[in-house]
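Have a look at the structure below before the remarks.
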């Protein structure tokens with residue numbers, strides 16, 4: 215158990231819908247990272263927050279957004295969903311940019 | 029060309045064999061991570077290294093910064109080692125500093 219929790223574990227929804235994925239980092243970790251793993255693209259970095267502020271952006275679509283709250287949990291919002299958004303979404307946390315990252319169990323999103 | 033290349037893509041071994049998985053990268057890095065992804069999807073961080081060699085149980089990771097190459101070795105392999113092993117580098121450049129770039133993974137299957 216990494217200490218990082220993600221909810222829900224599975225999510226099935228339809229095209230055009232909006233969903234919210236939630237992540238709680240390990241106790242004391244200030245950084246939260248979001249990653250997408252699809253069959254054809256592998257793991258890709260989406261976005262990072264550090265202590266409530268956006269730190270870096272990767273290959274995140276404009277339809278996707280995220281935030282980190284004062285209690286350090288983070289949410290990833292995915293809107294206008296398309297079939298190609300079906301993937302595993304992982305959250306990871308670390309103490310800062312230079313520490314090991316600990317991964318949550320992931321949320322499997324299926325868009326029908 | 030991907031910034032992080034792993035070889036082989038797939039590997040089948042007999043229980044007890046010594047296994048080597050290779051990772052080459054083309055960007056300047058501040059650290060390299062080896063991750064293990066279980067068949068159920070969960071990701072575990074095995075090593076984070078920026079120089080030399082690290083050992084944990086039957087796993088050994090080495091990195092050669094000059095040659096931009098890392099290897100993950102598994103001694104006395106066991107069927108429970110069957111998983112996907114993913115190499116990821118933390119770029120030291122620009123706005124993506126601190127964030128991971130992933131290889132496509134090596135799928136290892138160890139037969140009893």
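Residue numbers (this note's numbering), protein chains in the order written: chain V, 215 to 326; chain D, 29 to 140.
A virtual CB, placed ideally from N, CA and C, is assigned to each residue, including glycine.
Alpha carbons only, please: which of the options is nearest the one belonging to residue i?
| i | options | result |
| --- | --- | --- |
| residue 51 of chain D | D:113, D:120, D:137 and D:139 | D:113 |
| residue 231 of chain V | V:322, V:277 and V:248 | V:277 |
| residue 93 of chain D | D:55, D:138, D:71 and D:72 | D:55 |
| residue 88 of chain D | D:30, D:40 and D:74 | D:74 |
| residue 64 of chain D | D:109, D:117, D:118 and D:120 | D:109 |
| residue 245 of chain V | V:218, V:322 and V:294 | V:218 |
| residue 303 of chain V | V:313, V:243 and V:292 | V:292 |
| residue 57 of chain D | D:36, D:132 and D:96 | D:96 |
| residue 31 of chain D | D:137, D:80 and D:132 | D:132 |
| residue 262 of chain V | V:256, V:239 and V:253 | V:239 |
| residue 129 of chain D | V:265, V:229 and V:260 | V:260 |
| residue 53 of chain D | D:134, D:127, D:118 and D:135 | D:118 |
| residue 71 of chain D | V:305, V:309 and V:224 | V:305 |
| residue 284 of chain V | V:242, V:295 and V:222 | V:242 |
| residue 322 of chain V | V:307, V:313 and V:298 | V:298 |
| residue 325 of chain V | V:221, V:237 and V:252 | V:252 |
| residue 307 of chain V | V:229, V:224, V:264 and V:223 | V:264 |
In terms of DSSP beta bridges, what is residue i paired with?
| i | result |
| --- | --- |
| residue 87 of chain D | D:84 and D:102 |
| residue 289 of chain V | V:236 and V:281 |
| residue 267 of chain V | V:264 |
| residue 259 of chain V | V:249 |
| residue 118 of chain D | D:59 and D:128 |
| residue 322 of chain V | V:224 and V:302 |
| residue 316 of chain V | V:307 |
| residue 97 of chain D | D:52 and D:92 |
| residue 72 of chain D | D:64 |
| residue 33 of chain D | D:52 |
| residue 134 of chain D | D:113 |
| residue 42 of chain D | D:139 |
Which same chain residues, not among the five before or five after residue i, have their C-beta less than 7 Å away from its C-beta?
| i | result |
| --- | --- |
| residue 258 of chain V | 249, 250, 272 and 273 |
| residue 44 of chain D | 104 and 105 |
| residue 62 of chain D | 74, 75, 89, 100, 113 and 115 |
| residue 138 of chain D | 41, 43, 105, 106, 107, 109 and 110 |
Near residue i, what residues of its chain come up, given a Cβ to Cβ distance below 6 Å and the 5 sequence neighbours on each side ignored?
| i | result |
| --- | --- |
| residue 290 of chain V | 235, 248 and 280 |
| residue 47 of chain D | 41, 102 and 105 |
| residue 140 of chain D | 43 and 107 |
| residue 81 of chain D | 90 |
| residue 78 of chain D | 59 |
| residue 286 of chain V | 239 |
In chain D, what lies closer than 8 Å to residue i by C-beta?
| i | result |
| --- | --- |
| residue 314 of chain V | 61, 73 and 76 |
| residue 320 of chain V | 69, 70 and 71 |
Show which residues of chain V have a CB atom less than 9 Å away from the CB atom of residue i.
| i | result |
| --- | --- |
| residue 57 of chain D | None at all; the shortest Cβ gap to chain V is about 12 Å. |
In chain V, which residues lie with their C-beta within 7 Å of the C-beta of residue i?
| i | result |
| --- | --- |
| residue 49 of chain D | Going along chain V, no residue has its Cβ under 7 Å from residue 49 of chain D, so there is no contact; the nearest lies around 15 Å. |
By the criterion of Cβ-Cβ separation under 7 Å, what are the contact partners of residue i in chain D?
| i | result |
| --- | --- |
| residue 256 of chain V | 130, 132 and 133 |
So, at 8 Å on beta carbons, what are the nonlocal neighbours of residue i in its own chain, with the 5 sequence-adjacent residues on each side left out?
| i | result |
| --- | --- |
| residue 309 of chain V | 242, 243, 244 and 245 |
* Could you run through the stretch 62-92 of chain D and flag, in chain order, every residue whose CB is less than 8 Å away from some CB of chain V? => 63, 69, 70, 71, 72, 73 and 76
* **Residues of the stretch 260-285 of chain V with Cβ closer than 8 Å to any Cβ of chain D, in chain order** => 262, 269, 270, 271 and 272
* Could you run through the stretch 296-310 of chain V and flag, in chain order, every residue whose CB is less than 9 Å away from some CB of chain D? => Along the stretch 296-310 of chain V, the positions whose C-beta sits under 9 Å from a C-beta of chain D are 302, 304, 306, 308 and 310, read in chain order.
* Going along the chain, which residues of the stretch 231-248 of chain V sit with their C-beta nearer than 9 Å to a C-beta in chain D? -> 245 and 247
* Members of the stretch 97-117 of chain D that neighbour chain V once the beta carbon cut-off is set at 8 Å -> 114 and 116
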